[in-house]
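Colleague:
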Amino acid sequence: MSLKKEQLEFYFREYYSMIFRVAFAELKARADAEDMVQEVFLRFLKYQPKFQSQEHERAWIVRTTINLCRDFQRNKWNRATVGLDRIPEADRKYMENPLIDEDGVLWAVLELPEQYRRPLYLFYYEDYSIKEIATALEKPENTVKTNLRRGREALKGILEAE
Amino acid sequence: MSVNINGIGIGGYQDGKQKDKKSKAGQDFKAAFAGSLFCQEEKRLDRKTVGAAGINIIARNRVTEAGVTCDSAIKECAVRNITMEESDYVKPCPADGCLYKVLVDTKKGVAYVEKKAEDGTVLGYEVEVSKVKKGDEDPLKLLAMLAWQKVVEENEEAEAKARAKDAVRQMKNQASENAAANGRPAEMTDFQRALLSFAEFVEDRIKNGEPKIPIGAQEFSETDWKRLLETFDKAMDEIKKEVQAEAEQAARKAEEEKAVKKAAKEKLLSKFSSEGKAPYSWLADESGCITYNGVVFSCDNERRCINLGDMSNRDNVLSIPLSGGGTLNVNRDNLGDLARAIGMFSPEDVKRIMTAIATDAQCQRKLLEIEEAKDDPKNLFRIS
Numbered sequence: 206m207s208l209k210k211e212q213l214e215f216y217f218r219e220y221y222s223m224i225f226r227v228a229f230a231e232l233k234a235r236a237d238a239e240d241m242v243q244e245v246f247l248r249f250l251k252y253q254p255k256f257q258s259q260e261h262e263r264a265w266i267v268r269t270t271i272n273l274c275r276d277f278q279r280n281k282w283n284r285a286t287v288g289l290d291r292i293p294e295a296d297r298k299y300m301e302n303p304l305i306d307e308d309g310v311l312w313a314v315l316e317l318p319e320q321y322r323r324p325l326y327l328f329y330y331e332d333y334s335i336k337e338i339a340t341a342l343e344k345p346e347n348t349v350k351t352n353l354r355r356g357r358e359a360l361k362g363i364l365e366a367e
Numbered sequence: 021m022s023v024n025i026n027g028i029g030i031g032g033y034q035d036g037k038q039k040d041k042k043s044k045a046g047q048d049f050k051a052a053f054a055g056s057l058f059c060q061e062e063k064r065l066d067r068k069t070v071g072a073a074g075i076n077i078i079a080r081n082r083v084t085e086a087g088v089t090c091d092s093a094i095k096e097c098a099v100r101n102i103t104m105e106e107s108d109y110v111k112p113c114p115a116d117g118c119l120y121k122v123l124v125d126t127k128k129g130v131a132y133v134e135k136k137a138e139d140g141t142v143l144g145y146e147v148e149v150s151k152v153k154k155g156d157e158d159p160l161k162l163l164a165m166l167a168w169q170k171v172v173e174e175n176e177e178a179e180a181k182a183r184a185k186d187a188v189r190q191m192k193n194q195a196s197e198n199a200a201a202n203g204r205p206a207e208m209t210d211f212q213r214a215l216l217s218f219a220e221f222v223e224d225r226i227k228n229g230e231p232k233i234p235i236g237a238q239e240f241s242e243t244d245w246k247r248l249l250e251t252f253d254k255a256m257d258e259i260k261k262e263v264q265a266e267a268e269q270a271a272r273k274a275e276e277e278k279a280v281k282k283a284a285k286e287k288l289l290s291k292f293s294s295e296g297k298a299p300y301s302w303l304a305d306e307s308g309c310i311t312y313n314g315v316v317f318s319c320d321n322e323r324r325c326i327n328l329g330d331m332s333n334r335d336n337v338l339s340i341p342l343s344g345g346g347t348l349n350v351n352r353d354n355l356g357d358l359a360r361a362i363g364m365f366s367p368e369d370v371k372r373i374m375t376a377i378a379t380d381a382q383c384q385r386k387l388l389e390i391e392e393a394k395d396d397p398k399n400l401f402r403i404s
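These protein sequences, in sequence, are chains A and B. Quick note on this note's numbering: the first sequence kicks off at 206 and runs consecutively. Quick note on this note's numbering: the second sequence kicks off at 21 and runs consecutively.
Pasting the structure below:
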């Protein structure tokens, strides 16, 4: 049974911002992040996955986004170009989540290595549970907890250095 | 009704407080009431969390048992598992290992604070905003107050918007009524029209924010654009200063090099300069003698002359002025040595020397003839 227009619109409204923010955190460029959002929804339309729960749905969305970002970065064209290490200050507004009172720690989180950055961002800034993060990143829950703890220590190091 | 504080009972509290003994009950009470909620939280975190989606059943059981009171303003309660979208205020604290979500109930005057810890455990608290004292630094109370303030401001803003809309609607209605009463078509005064357009402008700004202009691949509002230009101007000024400093440094360096070159040139030239020095003195060694082809000339800087041979008998010395200034004094007996060293002199000086030697020879011959004529009066007037 194909997705109805209203259902697709619902998913788009519900997840567009979150997908954009996750992609932007990975790629650090607005145009690339917008391309990833389109790709994720194209995949959604193409495969129309059946979700067992909302947890499963959220995990699928994040996993697809991260995988597409990784493929994009490994792409031959992108290997020939130099990516951004940090998000330029003028583009930081695209990461703003109107629901959150952000005090600048987010930029330090985004500087962490990806094994810490992804779980920290999803846990604290997208309110994912440990189980959802484990499903999305295809890692055991204990690994996610360890990475959260180590990420927090690394973050403290960055903040103290600043 | 007995007060059950942290499940210990008032007896334990009284024992501990009045007798100040380190009884188990008193000590437990003191430890639990040590000042922060965190002691209690850490105890609970040691226990297992059961149930799906992080629901803390133990916390729920404690609530149903006793209604635990940690503080007069804060009360632990059942976890509601609110989402970020449902919350009025969300504060991530990744450095502290927790995420707070706050939901405000303005009617009851209570803020529900949900704390998600790093290990996934979730705790819920209710904070009575009216009991929070000014200057209280408890994080839960601070968050509750921030959320409360935010919600109150939003409500006031919404009320103000609604009032403005009502005022505009009333103005329009009044204008229509006035016109209907006077039998004329409805029209507003200039002031009402201006007020209406301003109200629409403010509403549009609040709804959509500043208008954005697409520039290249990005969009900028006026404020963003001004900020970007300021940053750009600042960067340009700094670059200009750097370029200017570099140019000044380069000019200074060039001047220094010029001065050094000039000094070296002057030193070199002074070596060849004949001012105040004997001619050909640059060929002289440390002792002030010029040696050329085995012939030794002595330099006299005071008289500006070079001497070849014995200078004691001035009658036997030939003084030849040189083209560069100074003189060459040569003893007639050393003309052979002069011939050997003739290559040292410039062509002009060679010409002078040869002319001087020829003239001197002629003079010597004439002198000899005069001497001979003295002896023989007949030869006195013979022209040779």
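Where is the CB? At the ideal position from N, CA and C, for every residue including glycine. Please read these numbers as outputs of a predicted model, since none were measured by experiment.
1. Please classify M374 of chain B as buried or exposed, where buried requires at least 16 other C-beta atoms within 10 Å of its C-beta.
2. With respect to the beta strand (DSSP E) encompassing F365 of chain B, which residues constitute its N-terminal and C-terminal limits?
3. Hey, quick one: how far does the alpha helix (DSSP H) through Q243 of chain A stretch, first residue to last?
4. For a contact meaning CB atoms closer than 8 Å, what does L119 of chain B contact in chain A?
5. Going by Cα to Cα distance, which pick from A:R226, A:A238, A:V227, A:Y216 is closest to P254 of chain A?
6. Quick one: list the residues of chain A neighbouring V280 of chain B, beta-carbon separation under 9 Å, in chain order.
7. Could you spell out the range, first to last residue, of the beta strand (DSSP E) harbouring G356 of chain B?
8. Consult DSSP for D228 of chain B and reduce its assignment to one of helix, strand or coil.
9. When you compare the CB of V242 of chain A with every CB in chain D, is at least one pair closer than 7 Å?
10. Tell me the start and end of each unbroken alpha helix (DSSP H) in the stretch 226-293 of chain B that is at least 4 residues and wholly inside, in chain order.
11. Return yes when the Cβ of N349 of chain B is within less than 7 Å of the Cβ of C319 of chain B, no when it is not.
12. K233 of chain A versus chain B: which residues are under 7 Å apart at the beta carbon?
13. Please classify K210 of chain A as buried or exposed, where buried requires at least 16 other C-beta atoms within 10 Å of its C-beta.
14. Counting only C-beta atoms, is E262 of chain B closer than 7 Å to chain A at any point?
15. Could you work out which residue in B:S343, B:G346, B:R352, B:E322 is closest to E334 of chain B when comparing CA atoms only?
16. Is it buried or exposed, K121 of chain B, if we count other Cβ atoms within 10 angstroms and call 16 or more buried?
17. Measure from the C-beta of G71 of chain B to each C-beta in chain A and report whether the shortest distance is under 7 Å.
18. Among all the DSSP beta bridges, which residues are the ones paired with Y12 of chain B?
19. Quick one: grab the DSSP three-state call for A93 of chain B.
20. In angstroms, rounded to a whole number, what distance separates the CA positions of P324 of chain A and L247 of chain A?
21. Less than 7 Å between the C-beta atoms of A341 of chain A and A264 of chain A, yes or no?
22. In whole angstroms, give me the CA-to-CA distance for P234 of chain B and E301 of chain A.
23. Do L12 of chain B and V133 of chain B have their C-beta atoms within less than 7 Å of each other?
24. Taking C-beta pairs closer than 7 Å, name the residues in chain A that G140 of chain B reaches, listed in chain order.
25. Roughly how many angstroms lie between the CA atoms of S376 of chain B and L387 of chain B, to the nearest whole one?
26. Where does M241 of chain A land, buried or exposed, given buried means 16+ other C-beta within 10 angstroms?
27. So, for A238 of chain A: in the same chain, excluding its five sequence neighbours on each side, which residues have a beta-carbon less than 6 Å away from its beta-carbon?
28. My guess is that L119 of chain B and D332 of chain A are in contact by the Cβ rule of under 8 Å, so how many angstroms apart are they, rounded?
29. Measure the C-alpha to C-alpha separation of P367 of chain B and G345 of chain B and round it to an integer number of angstroms.
30. Please decide whether V314 of chain A counts as near chain B, where near means a Cβ-Cβ distance under 7 Å.
31. Going by other Cβ atoms of all chains shown within 10 Å of its Cβ, with 16 needed for buried, is P15 of chain B buried or exposed?
32. Taking the continuous alpha helix (DSSP H) assigned at V314 of chain A, which residues delimit it?
33. Taking the alpha carbon of L250 of chain A as the reference point, which residue from A:I271, A:Q212, A:C274 has its own alpha carbon closest?
34. Tell whether a beta-carbon distance below 7 Å holds between E138 of chain B and L353 of chain A.
35. I need the straight-line Cα distance from V315 of chain B to M331 of chain B, nearest angstrom please.
36. Would you please verify whether the beta carbon of A115 of chain B is less than 7 Å from any beta carbon of chain A?
Modeller: The structure says:
1. Translated into the one-based positions of the second sequence, residue 374 of chain B becomes position 354. Counting Cβ neighbours within 10 Å, M374 of chain B comes out exposed, since fewer than 16 surround it.
2. Numbered from 1 along the second sequence, position 345 holds the residue referred to as residue 365 of chain B. Counting along the chain, F365 of chain B falls outside any beta strand (DSSP E), and DSSP gives it neither H nor E.
3. One-based indexing of the first sequence puts residue 243 of chain A at position 38. Looking at the DSSP string, the run of the alpha helix (DSSP H) that includes Q243 of chain A is 235-252.
4. For the purposes of this step, residue 119 of chain B is taken as residue 99 along the second sequence, with counting starting at 1. In chain order: F328, Y329, D332.
5. Sequence index remark: in the first sequence, residue 254 of chain A carries index 49 (1-based). Taking P254 of chain A as reference, the option from A:R226, A:A238, A:V227, A:Y216 with the minimal CA-CA separation is A:Y216.
6. Mapped onto the second sequence, residue 280 of chain B falls at position 260. Within chain A, no residue comes near V280 of chain B; the closest Cβ sits about 45 Å away, beyond 9 Å.
7. The residue labelled residue 356 of chain B in the question sits at position 336 within the second sequence. No beta strand (DSSP E) holds G356 of chain B; the alpha helix (DSSP H) holding it covers 355-360.
8. One-based indexing of the second sequence puts residue 228 of chain B at position 208. Sequence inspection shows Asn at residue 228 of chain B; the Asp mentioned does not correspond to that position. In the structure shown, the three-state DSSP call for N228 of chain B is helix.
9. The chain inventory of the structure shown lacks chain D, comprising the protein chains A and B.
10. Runs of the alpha helix (DSSP H) inside the stretch 226-293 of chain B: 242-292.
11. Along the second sequence, one-based indexing puts residue 319 of chain B at 299. Along the second sequence, one-based indexing puts residue 349 of chain B at 329. Cβ distance not < 7 Å, so C319 of chain B and N349 of chain B don't count as in contact.
12. Walking along the first sequence from the start, residue 233 of chain A turns up at place 28. Neighbours of K233 of chain A on chain B: none; closest Cβ ~15 Å, over 7 Å.
13. Counted from its first residue, the first sequence places residue 210 of chain A at position 5. Under this definition K210 of chain A is an exposed residue.
14. The count along the second sequence starts at 1 and reaches residue 262 of chain B at position 242. The beta-carbon of E262 of chain B is placed no less than 7 Å from the nearest beta-carbon of chain A.
15. Locating residue 334 of chain B in the second sequence gives position 314, where the first residue counts as 1. Correcting the residue type first, residue 334 of chain B is Arg in the shown sequence and not Glu. Proximity to R334 of chain B across B:S343, B:G346, B:R352, B:E322 peaks at B:R352, based on C-alpha coordinates.
16. In the second sequence, residue 121 of chain B corresponds to position 101, counting from 1. Residue environment for K121 of chain B: buried (at least 16 other C-beta atoms within 10 angstroms of its C-beta).
17. Locating residue 71 of chain B in the second sequence gives position 51, where the first residue counts as 1. The pLDDT assigned to G71 of chain B is 38, lower than 50, so where the model puts this residue is not dependable, and the model offers no usable value.
18. Only positions 21 to 404 of chain B appear in the structure, and residue 12 of chain B is not among them; the question remains open.
19. Residue mapping note: residue 93 of chain B aligns to position 73 of the second sequence, counting from 1. It is coil, neither helix nor strand.
20. By 1-based counting over the first sequence, the position of residue 324 of chain A is 119. By 1-based counting over the first sequence, the position of residue 247 of chain A is 42. Cα-Cα distance, rounded: 25 Å.
21. Within the first sequence, numbered from 1, the residue matching residue 341 of chain A stands at position 136. Within the first sequence, numbered from 1, the residue matching residue 264 of chain A stands at position 59. Cβ distance < 7 Å, so A341 of chain A and A264 of chain A count as in contact.
22. For the purposes of this step, residue 234 of chain B is taken as residue 214 along the second sequence, with counting starting at 1. For the purposes of this step, residue 301 of chain A is taken as residue 96 along the first sequence, with counting starting at 1. If you take the alpha carbons of P234 of chain B and E301 of chain A, they lie about 20 Å apart.
23. No statement about residue 12 of chain B is possible, as the shown extent of chain B runs from 21 to 404 and does not include it.
24. The residue given as residue 140 of chain B occupies position 120 in the second sequence. When 7 Å is used as the limit between beta carbons, G140 of chain B is near these residues of chain A: S334, I335, in chain order.
25. What you label residue 376 of chain B is simply residue 356 of the second sequence in a count that begins at 1. What you label residue 387 of chain B is simply residue 367 of the second sequence in a count that begins at 1. Checking the sequence, you will find Ala at residue 376 of chain B rather than Ser. L387 of chain B has its alpha-carbon roughly 16 Å from the corresponding atom of A376 of chain B.
26. If you number the first sequence from 1, residue 241 of chain A lands on position 36. Result: buried.
27. The residue labelled residue 238 of chain A in the question sits at position 33 within the first sequence. Result list for A238 of chain A: F225, A228, F229, L232, in chain order.
28. Counting from one through the second sequence, the residue named residue 119 of chain B turns up at place 99. Counting from one through the first sequence, the residue named residue 332 of chain A turns up at place 127. Contact holds; Cβ gap of about 7 Å.
29. In the second sequence, counting from the first residue as 1, residue 367 of chain B sits at position 347. In the second sequence, counting from the first residue as 1, residue 345 of chain B sits at position 325. Taking the CA atoms as reference points, P367 of chain B sits about 15 Å from G345 of chain B.
30. Here residue 314 of chain A refers to the residue found at position 109 of the first sequence. For V314 of chain A, the answer is yes, since a Cβ of chain B falls inside 7 Å of its Cβ.
31. What is shown of chain B runs 21 to 404, which leaves residue 15 of chain B out entirely.
32. The residue given as residue 314 of chain A occupies position 109 in the first sequence. Note, V314 of chain A: alpha helix (DSSP H), 310-314.
33. Translated into the one-based positions of the first sequence, residue 250 of chain A becomes position 45. For L250 of chain A, the closest of A:I271, A:Q212, A:C274 by C-alpha to C-alpha distance is A:Q212.
34. Position 118 of the second sequence, counted from the first residue, corresponds to residue 138 of chain B. Position 148 of the first sequence, counted from the first residue, corresponds to residue 353 of chain A. Contact: yes.
35. Translated into positions along the second sequence, residue 315 of chain B becomes position 295. Translated into positions along the second sequence, residue 331 of chain B becomes position 311. Computed Cα separation, rounded: 16 Å.
36. Counting from one through the second sequence, the residue named residue 115 of chain B turns up at place 95. Between A115 of chain B and chain A, the shortest Cβ-Cβ separation is below 7 Å.
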